[in-house]
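J.:
Residue numbers (the numbering used here), protein chains in the order written: chain A, 1 to 391; chain B, 1001 to 1136.
1. With residue 331 (chain A) and residue 374 (chain A) assumed to form a contact (beta carbons below 8 Å), what rounded beta-carbon distance in angstroms separates them?
2. Along chain B, in chain order, which residues have C-beta atoms closer than 9 Å to that of residue 160 (chain A)?
3. Which residues in chain A have a C-beta closer than 7 Å to the C-beta of residue 1041 (chain B)? List them in chain order.
4. Cutting at 8 Å between CB atoms, please list the residues of its own chain near residue 202 (chain A), excluding the five before and the five after it.
5. Let me know the secondary structure DSSP gives residue 194 (chain A) once reduced to three states.
6. Among A:320, A:3 and A:149, which residue has its Cα nearest to the Cα of residue 134 (chain A)?
7. Alpha helix (DSSP H) containing residue 1017 (chain B): first to last residue?
8. Where does residue 321 (chain A) land, buried or exposed, given buried means 16+ other C-beta within 10 angstroms?
9. Quick one: grab the DSSP three-state call for residue 179 (chain A).
10. In chain A, what lies closer than 7 Å to residue 1018 (chain B) by C-beta?
11. Note down, in chain order, every chain B residue with its Cβ under 7 Å from the Cβ of residue 112 (chain A).
12. For chain B, find out if any of its Cβ atoms is closer than 9 Å to the Cβ of residue 52 (chain A); answer yes or no.
13. Using three-state DSSP, classify residue 51 (chain A) as helix, strand or coil.
14. For residue 293 (chain A), which residues from the same chain have a beta carbon less than 7 Å from its beta carbon, with the 5 sequence-adjacent residues on both sides left out?
15. Run down chain A in chain order and give the residues with a C-beta less than 8 Å from the C-beta of residue 1009 (chain B).
16. Would you check if there are 3 or more beta carbon pairs closer than 8 Å linking the stretch 1026 to 1033 of chain B to the stretch 1003 to 1010 of chain B?
17. Is residue 16 (chain A) helix, strand or coil by DSSP?
18. Taking all protein chains shown into account, do 16 or more other C-beta atoms lie within 10 angstroms of the C-beta of residue 146 (chain A), making it buried, or fewer, making it exposed?
19. Taking buried to mean at least 16 other C-beta atoms within 10 Å of its own C-beta, is residue 1081 (chain B) buried or exposed?
20. Any Cβ of chain B within less than 9 Å of the Cβ of residue 92 (chain A)?
21. Could you check what DSSP says for residue 288 (chain A) in three-state terms: helix, strand or coil?
22. Where does residue 1031 (chain B) sit, in a helix, a strand or coil, going by DSSP?
23. With 9 Å as the C-beta to C-beta threshold (strictly closer), list the residues of the stretch 3 to 21 of chain A near chain B in chain order.
24. Looking at C-beta atoms only, is the number of pairs between the stretch 114 to 127 of chain A and the stretch 159 to 176 of chain A that lie closer than 8 Å three or more?
25. Within 9 Å (strictly less), CB to CB, does residue 306 (chain A) reach chain B?
26. By alpha-carbon positions, which one of A:366, A:243, A:232 and A:345 ends up nearest to residue 109 (chain A)?
27. Alpha carbon to alpha carbon, what distance is there between residue 1049 (chain B) and residue 209 (chain A)?
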């Protein structure tokens, strides 16, 4: 292999390590050492071979020699590996979700940044794992496992309306939590419009009651078996409306307001008429304030860290300004230290000028502390930015 | 140097398909700007990861590296700790009972006889007695 091919081979191994945490799981010590020590006979790219074909050939040869298939079979019993599989599947579904047009099911049952068509809950994953990874467990290289994941997503997703409704009937908490979040903007809007209340406490109280009622109605079979997504959201909005009327009656008793004079606007039940007021458009609600482009799996620290770094480094990223606001100088120092490999001593010299040896030790320690503090601040800020989504 | 390639963020975040990933890796082979940016992403990722996972002993090691006096002080503390530990381990524990000596008269520092009875007697004596003509 020439130096360029060697660099590419190292990149393949690094990426596999990032995807499948092969160092942490004990497959190798580190990808750099593996790339250096691998016997490269016949691994050079042929003159008529495409890059992609060469990549697959060389990786197959390497992983066959390192007996990856045995490692894979053993790893199927390792909880960490199963977690990685689920993470890879979730990332894949996130990408498909952000590339595809929103399904009708999602339009009815999920917020704009969430999906019920591309969701995988714990119980569902167990079923998929058994079917796609335990029964077919003969993979030569990690990219074949990834290809199997892609085969799985093609075959199983987007979920049909019937499947999602079945999951909701089976009280799948993950699916319900997505639907509950979708109901909140409706509740806030109707509490404002019908209930005449702008207090979040009222909206929260009604939201809780509505979630309880809708969940009970579906899982206890009070709704028809043929209930679809549209029926469910209609039923939920109906419940919200009744609860808001109730709230309005309570408020009218207190303030002597004529209920009918307030509710006459709801003669037409269509969604557009329900939300004809500018302040009642769901997109304008506080829950939609977060500018996260597509949804982040907030329970996966690696995924969160990756998205935070993209926001931190890219000045055009929608979250960049919110993330670094007020910390611009500190972030510049942090980036110089980590991405340009400037030591703390070099940073002191750059920002403080020439200093004595004792002063240098003191200032370098201060810069180290500053970088540490700004890292923690950034983590906390980013957590706050995506928090709205999780709640 | 800038590259208009829009795949790098997806590549770093791990959201590309196998085919897209291979395509980007081919692009990476010829694009120093993307290589540089990817390296920066990875360095930042390691930095933030270390913040989460750095073990205490490594932080201690870094603290010791700060100056010569820190190392001297740490060495002094270490030697003192070892010395005190060694002394505590080897020193005789209490009085040794000689042959023929009654064990009842010997007690160590932490087994003094209970003096509460004597104290109680003193307390009782110091309380003024109630006059006899006052009935309870």
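All C-beta atoms, glycine included, are put in the ideal place defined by N, C-alpha and C.
T.: The short version:
1. 6 Å
2. None at all; the shortest Cβ gap to chain B is about 23 Å.
3. 309 and 313
4. 191, 195 and 247
5. coil
6. A:149
7. Run containing residue 1017 (chain B): none; DSSP gives neither H nor E here.
8. exposed
9. helix
10. 143, 146, 147 and 150
11. Within chain B, no residue comes near residue 112 (chain A); the closest Cβ sits about 19 Å away, beyond 7 Å.
12. yes
13. helix
14. Low per-residue confidence applies at residue 293 (chain A): pLDDT is 37, beneath 50, and the placement is therefore not dependable enough to give any value.
15. 310 and 314
16. yes
17. helix
18. buried
19. exposed
20. yes
21. Model confidence at residue 288 (chain A) stands at a pLDDT of 42, short of 50, so the residue's coordinates are unreliable; what they give is reported in the following sentence. The answer is helix: DSSP assigns residue 288 (chain A) an H, G or I state.
22. coil
23. 4, 5, 7, 8, 11, 12, 14, 15, 18 and 19
24. yes
25. yes
26. A:232
27. 41 Å
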